[in-house]
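Numbering (the numbering used here), first residue to last: 71 to 430.
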């Protein structure tokens with residue numbers, strides 16, 4: 071007997087972003103490398119001042135429950151993030167609930183770094199589609215890559231790290247966007263790339279920014295002969311999980327209208343791999359991502375809310391979202407816009423992108 075008998079829908083998504091900073095200005099101020107600016111082709115980054123990640127998530131939750139009005143049905147809360155949430159040895163998910171919901175439900179923090187939001191979607195789908203009905207699931211993400219602990223332009227390569235939060239509600243109640251299927255994969259042999267040379271007795275103090283590039287460089291020096299293979303495995307992992315999910319649903323890339331990818335620069339190898347598969351930039355969310363920067367665990371939810379709020383999809387369209395996280399892990403989810411979707415204001419108001427201090 072089939073364990074997966076319930077259809078699952080993304081009932082609403084809200085995204086909260088900061089002020090948009092032109093990366094040309096960051097280059098002029100010697101904050102961002104001109105060479106990387108050209109290679110990555112990113113244009114702007116979302117920057118938040120004065121609010122911490124969980125506070126941004128509270129704003130996103132308040133927004134999504136205003137549009138959906140179903141908080142009494144929420145039975146579980148996943149929170150995903152990649153970086154410091156405002157306090158050591160603390161529970162940001164509990165804070166987000168306490169400050170935004172009128173109920174308390176079990177919460178789980180999902181740590182798959184930039185694949186965390188997608189991993190939470192996969193876990194929620196598994197629960198909601200099974201016979202064990204759990205009620206609606208809330209998924210939040212929140213990031214702020216603030217100095218002195220993190221340099222959004224230099225701590226990592228291949229992208230610029232962005233501030234923002236998302237809130238998503240998954241439900242078995244019919245909505246414009248159906249979550250058809252999802253999949254997670256991993257290759258833990260790549261874990262050393264972001265570990266560095268050893269362990270520490272305590273977390274790094276905030277005086278010096280994290281240097282993830284140095285960790286990667288040391289790993290590459292230790293694996294000089296395998297660099298091409300390693301690069302292909304990392305980028306290929308993202309493409310492979312998408313292809314595997316599509317194949318399981320008797321689909322190909324050509325059957326998908328829009329593809330949501332992490333907000334990484336053009337120097338990242340998977341863009342070339344996808345081009346070889348016939349996936350042009352115009353079919354992806356590149357234009358949105360290049361103007362926002364990498365929201366850590368929140369890229370997928372933010373891009374989806376942008377697509378729906380701008381009515382950039384049509385009834386019956388298949389959408390494919392994908393994620394990649396340190397470790398390494400990859401995820402993909404297949405969605406379909408319901409045939410009844412008409413792009414009306416009522417259908418799109420469930421999905422919103424807002425800016426701290428005003429509409430974007």
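Note that CB positions come from ideal geometry on N, CA and C, so glycine has one too.
Values in this document were obtained by computation on a predicted structure and should not be read as measured data.
Who are the near neighbours of residue i in its chain, counting only those whose CB is closer than 8 Å to its CB and skipping five residues on each side?
i, result
"residue 384", "327, 407, 411 and 413"
"residue 71", "With a pLDDT of 37 at residue 71, under the threshold of 50, the modelled position of this residue cannot be trusted, and the question is left open."
"residue 310", "255 and 400"
"residue 315", "251, 252, 253, 390, 402, 403 and 404"
"residue 192", "252, 253, 254, 401 and 403"
"residue 336", "109, 110 and 111"
"residue 279", "217, 218, 219, 220, 221, 224 and 225"
Just curious, the alpha helix (DSSP H) that residue i is in, first and last residue?
i, result
"residue 437", "The question about residue 437 has no answer, for the chain in this structure spans 71 to 430."
"residue 98", "93 to 98"
"residue 258", "Element bounds for residue 258: n/a, residue is neither H nor E."
"residue 342", "340 to 346"
"residue 405", "Where residue 405 is concerned, there is no enclosing alpha helix (DSSP H), although the beta strand (DSSP E) it sits in stretches over 399 to 407."
"residue 370", "369 to 379"
Near residue i, what residues of its chain come up, given a Cβ to Cβ distance below 6 Å and the 5 sequence neighbours on each side ignored?
i, result
"residue 429", "Per-residue confidence for residue 429 stands at a pLDDT of 44, beneath the threshold of 50, marking its modelled position as unreliable; no derived number is given."
"residue 397", "261"
"residue 126", "86, 212 and 235"
"residue 369", "332 and 333"
"residue 436", "For residue 436 there is no data in the structure shown, the boundaries of the chain being 71 and 430."
"residue 425", "87"
"residue 82", "134, 137, 138, 239 and 420"
"residue 180", "148, 150, 186, 189 and 190"
"residue 228", "334, 335, 337 and 338"
Report the three-state DSSP secondary structure of residue i (helix, strand or coil).
i, result
"residue 358", "helix"
"residue 421", "strand"
"residue 212", "strand"
"residue 161", "coil"
"residue 32", "Not covered by the structure: residue 32. The range shown for the chain is 71 to 430."
"residue 230", "coil"
"residue 248", "strand"
"residue 364", "strand"
"residue 330", "strand"
"residue 320", "coil"
"residue 314", "helix"
"residue 90", "strand"
"residue 411", "coil"
"residue 426", "coil"
"residue 353", "helix"
"residue 431", "Within the shown structure, residues of the chain are numbered from 71 to 430, placing residue 431 beyond reach of any answer."
"residue 264", "helix"
"residue 75", "coil"
"residue 288", "helix"
"residue 306", "helix"
Using C-beta distances below 7 Å, list every residue in its chain close to residue i, excluding the 5 sequence neighbours before and after it, in chain order.
i, result
"residue 348", "323 and 324"
"residue 266", "285 and 288"
"residue 273", "158"
"residue 222", "115, 215, 230 and 231"
"residue 124", "155, 156, 162, 165, 166 and 212"
"residue 418", "378, 379 and 381"
"residue 395", "182, 183, 184, 185 and 186"
"residue 101", "223"
Start and end of the beta strand (DSSP E) containing residue i?
i, result
"residue 241", "234 to 241"
"residue 81", "78 to 87"
"residue 280", "Segment: none, residue 280 is in no beta strand (DSSP E) and carries neither H nor E."
"residue 40", "Because the chain in this structure spans residues 71 to 430, residue 40 falls outside the shown range and cannot be described."
"residue 150", "144 to 150"
I'd like to confirm something about residue i: is its beta-carbon nearer than 8 Å to some heavy atom of the ligand FAD, or not?
i, result
"residue 141", "The ligand content of the structure shown is nil, which means the ligand FAD is not present either."
| query | What are the complete beta strand (DSSP E) segments, minimum 3 residues, inside the region 103 to 137? | reply | 114 to 117
| message | Any contact between the region 270 to 290 and the region 315 to 331? By contact I mean 3 or more CB pairs, one from each, below 8 Å. | response | no
| the region 241 to 257 contacting the region 345 to 359, beta-carbon criterion three pairs below 8 Å | no
| request: For the region 179 to 207, list the beta strand (DSSP E) runs that are entirely contained and at least 3 residues long, ordered along the chain. | output: none
| request: Check whether the region 185 to 195 touches the region 251 to 259, taking contact to mean three or more Cβ pairs, one atom from each stretch, closer than 8 Å. | output: yes
| said: Is it the case that the region 107 to 117 contacts the region 81 to 97, given that we only count it when at least three CB pairs across the two stretches are under 8 Å? | reply: yes
| request: Would you be able to state if there are at least three C-beta pairs under 8 Å between the region 155 to 174 and the region 195 to 202? | output: no
| query | Would you call the region 206 to 220 and the region 142 to 162 in contact, with 3 or more CB pairs under 8 Å? | reply | yes
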